[in-house]
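Asker: I am attaching a structure below and will ask some questions about it afterwards.
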Amino acid sequence: MRAVKIASAALALPILIVLVWWLATLNETNPFVPKPGQLISDLFTVWVGPLLGEEVLPSIYRLGVGLGGAIVVGILLGLLIGSNRFARKLTGPIFEFIRAVPPPVLLPVLLLILGIDDRSKIFLIFLGCLWPILLNTIDGVRSVDAVLADTTRTYGMRGWSRLRYFVLPAATPRIMTGIRLALPIAIILMVVSEMYAALDGLGYRIMLFKQTFQMGPMWAGIVIIGLIGILIAVLFRLVDRRVLAWYYGQREVESRES
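Heads up: the sequence shown begins at 1 in full-length UniProt numbering, then just goes up one per residue.
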């Protein structure tokens, strides 16, 4: 019964949006304004087939490699820098300067250095996703409980053991926040890099449809990007609930006591 209620709540808003969309475009004759029925038809007739492997899978590959690399590097660097006061002071201004540079601005430079192949697109996604993960990891390490930190030193927890069993778990909520912030950035940079510097991928194909005035397939491609975003968000939520089960359980206990 609970599952039915959750599913109904999740589907209520999309159904309402589609209904309003259908009513708004019922008598629309503008070819640039998509209609729900035609869009769904284009989604299955154009995208479900060879284009799924030729255009969608390369995009997902670039997104996965770039985002995965940013997660690994961001967490490792964040733990090392966050645990060292001198390293934080040394790298703080540099990180803030680099973070202020919009990643799409670097695309022409990356194309000149790395070429038009997957390396430039993956590296652009990596750079854009690195900073929220890295900076949140550093803040998570810095914000560990001072009393618990002193207790671990008193009991002789040092080096790798202290990092693994105390610092990393304490910083995990902030790390997951950084990853959550990086997810939409990865999708945006995936599409932007493919629109201007690719021979395949979702962004490339959407631009091609736009230039050839195939509005239905173009809008269907945009819907696929949205569906990919929903899928990634659902997967992240499952991982987040599993990794931070202790954290959410502690918050529930605290809310009941208060």
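Ideal placement from N, C-alpha and C gives every residue a C-beta, glycine not left out.
1. Smallest Cα separation from P104: which of I94, F97, S120 and G92?
2. Any contact between the stretch 164-178 and the stretch 86-95? By contact I mean 3 or more CB pairs, one from each, below 8 Å.
3. S143 to W131, Cα distance in whole Å?
4. Rounded to whole angstroms, how far is the Cβ of R88 from the Cβ of I138, which I believe are closer than 8 Å?
5. Just to confirm, are D200 and E54 a CB contact at a threshold of 9 Å?
6. Can you grab the Cα-Cα spacing for the pair L57 / I71, in whole Å?
7. Shortest alpha-carbon distance to M195 belongs to which of A170, L227 and F209?
8. Note down, in chain order, each residue of its chain lying with its Cβ closer than 8 Å to the Cβ of L39, except the 5 sequence neighbours on either side.
9. Hey, how far is the Cα of residue 270 from the Cα of Q211?
10. Whole angstroms are fine: how far does the CA of L183 sit from the CA of F236?
11. Throw me the rounded Cβ distance for the L77 and L134 pair, which I believe falls under 8 Å.
12. Which same chain residues, not among the five before or five after I98, have their C-beta less than 8 Å away from its C-beta?
13. Nearest to L43 by alpha carbon, out of V234, G226 and A198?
14. Considering only the alpha carbon of each residue, which of I188, V20 and S193 lies closest to I228?
15. Helix, strand or coil for K210? Go by DSSP, reduced to three states.
16. For K121, which of helix, strand or coil comes out of DSSP?
17. Considering only the alpha carbon of each residue, which of Q214, R256, T172 and V234 lies closest to P31?
18. In angstroms, rounded to a whole number, what distance separates the CA positions of A245 and T172?
19. May I ask which residues mark the beginning and end of the alpha helix (DSSP H) holding V73?
20. If we call anything under 9 Å between Cβ atoms a contact, is R62 one with D118?
21. Using the Cβ count rule (16 or more neighbours within 10 Å means buried), how would you classify W47?
22. For V192, report the span of its alpha helix (DSSP H) as first-last.
23. Between which two residues does the alpha helix (DSSP H) carrying residue 285 extend?
24. Please name the residue in I125, L238, M207 and Q250 whose C-alpha comes closest to that of G68.
25. Short of 8 Å in beta carbon distance, which residues of its chain neighbour Y247, apart from the five on each side in sequence? Order them along the chain.
26. Assuming I122 contacts V65 (C-beta within less than 8 Å), just tell me the rounded distance between them.
Answerer: With the given structure in hand:
1. For the purposes of this step, residue 104 is taken as the residue at position 104 of the sequence shown. Ranking the options by Cα distance to P104, first place goes to S120.
2. By the Cβ rule, the stretch 164-178 does not count as touching the stretch 86-95, because fewer than three pairs are nearer than 8 Å.
3. Looking up residue 143 in the sequence shown gives position 143. Looking up residue 131 in the sequence shown gives position 131. Linking S143 to W131 through their CA atoms gives a straight-line distance of about 18 Å.
4. By 1-based counting over the sequence shown, the position of residue 88 is 88. By 1-based counting over the sequence shown, the position of residue 138 is 138. The C-beta distance from R88 to I138 rounds to 7 Å, short enough to meet the 8 Å contact threshold.
5. Position 200 of the sequence shown, counting from 1, holds the residue named residue 200. Position 54 of the sequence shown, counting from 1, holds the residue named residue 54. Cβ distance < 9 Å, so D200 and E54 count as in contact.
6. Sequence index remark: in the sequence shown, residue 57 carries index 57 (1-based). Sequence index remark: in the sequence shown, residue 71 carries index 71 (1-based). For L57 and I71, the distance between alpha carbons rounds to 21 Å.
7. What you label residue 195 is simply residue 195 of the sequence shown in a count that begins at 1. Nearest option by C-alpha distance: F209.
8. Working through the sequence shown from its first residue, we reach residue 39 at position 39. Excluding residues within five positions, the ones whose Cβ falls inside 8 Å are G216, W219, A220 and V223.
9. The chain is shown only over 1 to 258; residue 270 falls outside these bounds and no answer can be derived.
10. Looking up residue 236 in the sequence shown gives position 236. Looking up residue 183 in the sequence shown gives position 183. Their Cα atoms are separated by approximately 9 Å.
11. If you number the sequence shown from 1, residue 77 lands on position 77. If you number the sequence shown from 1, residue 134 lands on position 134. Between L134 and L77 the Cβ distance is about 6 Å, and since that is below 8 Å, they are a contact.
12. Counting from one through the sequence shown, the residue named residue 98 turns up at place 98. Sequence-distant Cβ neighbours of I98 in its own chain, meaning closer than 8 Å and more than five residues away, are W131.
13. In the sequence shown, residue 43 corresponds to position 43, counting from 1. When only C-alpha atoms are compared, the closest one is G226.
14. Stepping through the sequence shown from its first residue, residue 228 is reached at position 228. Minimum Cα distance to I228 is reached at I188.
15. Residue numbering aside, residue 210 sits at position 210 when the sequence shown is read from its first letter. In the three-state scheme derived from DSSP, where H, G and I count as helix and E and B as strand, K210 is classed as helix.
16. Walking along the sequence shown from the start, residue 121 turns up at place 121. K121 falls in the helix class under three-state DSSP.
17. Here residue 31 refers to the residue found at position 31 of the sequence shown. For P31, the nearest C-alpha among the options comes from Q214.
18. Taking the first residue of the sequence shown as position 1, residue 245 is located at position 245. Taking the first residue of the sequence shown as position 1, residue 172 is located at position 172. Near 11 Å, if we compare the C-alpha coordinates of T172 and A245.
19. The residue given as residue 73 occupies position 73 in the sequence shown. Element bounds for V73: L57 to G82.
20. Start at 1 with the first residue of the sequence shown, and residue 62 comes out as number 62. Start at 1 with the first residue of the sequence shown, and residue 118 comes out as number 118. Result yes, Cβ atoms of R62 and D118 sit closer than 9 Å.
21. In the sequence shown, the residue the question calls residue 47 occupies position 47. Around the beta carbon of W47, 16 or more other beta carbons sit within 10 angstroms, so the residue counts as buried.
22. Taking the sequence shown and counting its residues from 1, the one referred to as residue 192 is at position 192. Unbroken alpha helix (DSSP H) run through V192: L168 to Y196.
23. Nothing can be reported for residue 285, as the shown portion of the chain is limited to 1 through 258.
24. Along the sequence shown, one-based indexing puts residue 68 at 68. Taking G68 as reference, the option from I125, L238, M207 and Q250 with the minimal CA-CA separation is I125.
25. Position 247 of the sequence shown, counted from the start, is the residue given in the question as residue 247. Within its own chain, the residues whose Cβ lies closer than 8 Å to the Cβ of Y247, once the five positions on either side in sequence are excluded, are T172 and P173, listed in chain order.
26. Taking the sequence shown and counting its residues from 1, the one referred to as residue 122 is at position 122. Taking the sequence shown and counting its residues from 1, the one referred to as residue 65 is at position 65. At roughly 5 Å, the Cβ-Cβ gap stays under 8 Å, so I122 and V65 are in contact.
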